[in-house]
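Step one of this worksheet: look at the structure below.
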Amino acid sequence: MIYRSLMFTPGTKKERLLKSVSSEADALLWDLEDAVHMDDKEGARETIRQALDELGDGPAKPIFLRVNQYGTPWYADDVKLARHENVTGIMLPKAESAAQVAETWEGMGASGELIVLVETALGIIRLEDIFSGPNVTGVAFGAIDYAVDADLTLTEAGLEALYARSRIVTYAKAAGIPGIYDTVFPDVHNGESLRTRAASARALGFNGQMAIHPKQLPIMHEVYSPSRDEIDWAVKVLDYAENEAKGAGVFMFDGKMVDRPIIEKAKQIYSAGERYQLIIGG
1 MIYRSLMFTP GTKKERLLKS VSSEADALLW DLEDAVHMDD KEGARETIRQ ALDELGDGPA
61 KPIFLRVNQY GTPWYADDVK LARHENVTGI MLPKAESAAQ VAETWEGMGA SGELIVLVET
121 ALGIIRLEDI FSGPNVTGVA FGAIDYAVDA DLTLTEAGLE ALYARSRIVT YAKAAGIPGI
181 YDTVFPDVHN GESLRTRAAS ARALGFNGQM AIHPKQLPIM HEVYSPSRDE IDWAVKVLDY
241 AENEAKGAGV FMFDGKMVDR PIIEKAKQIY SAGERYQLII GG
């Protein structure tokens, strides 16, 4: 699956966890890692378990657990909790090897979705290894931890992390991983800058982003969805290719050359429009 937004909720308060299910987020990230103090790890796991039990027949949207880092005292029990019938999958933080991915996959019962969170220099250079197994369904970039690890200074423009972002997208596309998610944007009240950063990430090939507050969701959904103009263009190109220019390898449309790559781009836009229910009835 591909999600435009994955929203974090700390695993310490059951009421907030249950409330998040009614949010506009495409998917939820119930957090056992950074949002939980080390003294509260086991309590948070039990709180999440109770919340999952209260969902009854199933949640209204996908729920992922961001477990604690591989090798920590809490990791194994966090991963086992993902076997709960109401959990969609796991986000594995600070992923750095195929071995970590394989052990996580087995620990979660060898089923569900597995998103790796790459947020260290070692993780960035080991992407080929991390993606080498068949079970990774998504990858997310953790820019804040990466900046600490690589001693970078995060800026408004974001150029300091351009290499990491481009490498993530390139390796993920080569490995056939569908979901590619950008880092959280910590300034909750700065919607204009969030829009600029999301548009930049989308241009690089990211198709969604992690959120920390519901007010960020409308901007993310707008940026990571095709616009009405893009959908209209895609529909016209595909219709023209199928009918007026059927069998032609290249043709002119609205004064511009259209060949196979342009048609494939139109198909991508159309598919995204269908995925986000922006095209009704085909």
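In UniProt numbering, the protein residues as written are 1 to 282.
Positions of the beta carbon are idealized from the N, C-alpha and C atoms, including for glycine.
Relative to Phe141, the option among Leu162, Asn135, Thr153, Asp129 whose CA is nearest is Leu162.
Secondary structure of Met1 (DSSP, three-state): coil.
For Leu278 and Trp30, the gap between their C-alpha atoms comes out near 28 Å.
Counting along the chain, Ala143 sits inside the alpha helix (DSSP H) bounded by residues 143 to 150. Just measuring C-alpha positions, the residue of Asp259, Gly255, Ala51 sitting nearest Ala241 is Asp259. Assignment of beta strand (DSSP E) within the stretch 232 to 279, counting only whole runs of 3 or more residues, yields 251 to 253, 256 to 258 in chain order. When DSSP states are grouped into helix, strand and coil, Thr47 belongs to the helix group. Separation of Lys94 and Arg126 (C-alpha to C-alpha, rounded to the nearest whole angstrom) is 12 Å.
Proximity to Thr12 across Thr72, Leu65, Glu192, Asp187 peaks at Leu65, based on C-alpha coordinates. For Pro10, the three-state secondary structure derived from DSSP is strand. Taking C-beta atoms as the reference points, Asn207 and Ile180 count as a pair closer than 7 Å.
For Lys173, the closest C-alpha among the options Gly247, Leu204, Gly56, Arg195 is that of Leu204. Cβ neighbours of Ser97 within its own chain (closer than 8 Å, five residues either side excluded): Arg126, Asp129, Ile130. No residue range can be given for Asp34, since it is assigned to no alpha helix (DSSP H) and is classified by DSSP as neither H nor E.
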